[in-house]
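Visitor: What follows is a structure written as structure tokens; I'll ask about it next.
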Amino acid sequence: MAWYWPVAGGALIGLAAGGYLILLGRIAGISGLVAAATGLARNTARGLAVWFLIGLLGGSAIAMRLRGMPDLQVTGAWPVLVIGGLLVGYGTRLGSGCTSGHGICGIARLSPRSLVATGVFMAFGVGTVWVVRHLIGGAP
Numbered sequence: 022m023a024w025y026w027p028v029a030g031g032a033l034i035g036l037a038a039g040g041y042l043i044l045l046g047r048i049a050g051i052s053g054l055v056a057a058a059t060g061l062a063r064n065t066a067r068g069l070a071v072w073f074l075i076g077l078l079g080g081s082a083i084a085m086r087l088r089g090m091p092d093l094q095v096t097g098a099w100p101v102l103v104i105g106g107l108l109v110g111y112g113t114r115l116g117s118g119c120t121s122g123h124g125i126c127g128i129a130r131l132s133p134r135s136l137v138a139t140g141v142f143m144a145f146g147v148g149t150v151w152v153v154r155h156l157i158g159g160a161p
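Given below as structure tokens:
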């Protein structure tokens, strides 16, 4: 993979998150935007959240086409994907945000809560990979 794709992606994420914060005074965390778009969050601009998410998905689709990437194929069992999605959604609401809200926006603002939350995300990610690879027998 060419080095400039991740750099361009990171720059665009930073630009979008920074612009959302500077122009609107809001954190561009995906779980909060999804909650706002679906009407689960109070006192938020629902239409703006919907447009932000449409832009996020549309930009990803355009980047995939520009790179000549094939369409994504879902290979997991639907019940597992649904249960996993619900658990992730519950965890993000319980933790007051997700990796994008805490990891990108919160760390950039030096938020103590976000520093702790991101450390917890990373530790559990490392632990999950270790368990899958060493105890369950997943891919090396």
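Heads up: the sequence shown begins at 22 in my numbering, then just goes up one per residue.
C-beta: ideal position from N, C-alpha, C; glycine also.
1) Inspect the beta-carbon positions of H123 and T149 and report whether they are closer than 8 Å.
2) In whole angstroms, give me the CA-to-CA distance for L42 and V137.
3) Give the range of the alpha helix (DSSP H) segment to which P133 is assigned.
4) How about the stretch 40–56 and the stretch 106–116: do they share at least three Cβ pairs that are nearer than 8 Å?
5) From G30 to V152, what does the alpha carbon distance come to, in whole angstroms?
6) I need the DSSP call for T120, collapsed to helix, strand or coil.
7) Around the C-beta of I104, are 16 or more other C-beta atoms found within 10 angstroms, so that it is buried, or is it exposed?
8) Write down the C-beta distance between I75 and C126 rounded to the nearest angstrom, noting that I regard them as a contact closer than 8 Å.
Guide: The short version:
1) no
2) 21 Å
3) Looking at the DSSP string, the run of the alpha helix (DSSP H) that includes P133 is 133–151.
4) Under the 8 Å Cβ criterion, the stretch 40–56 counts as touching the stretch 106–116, having at least three qualifying pairs.
5) Approximately 30 Å between the Cα atoms of the pair.
6) helix
7) exposed
8) Not quite, the Cβ-Cβ distance comes to about 20 Å (not below 8 Å), so this is no contact.
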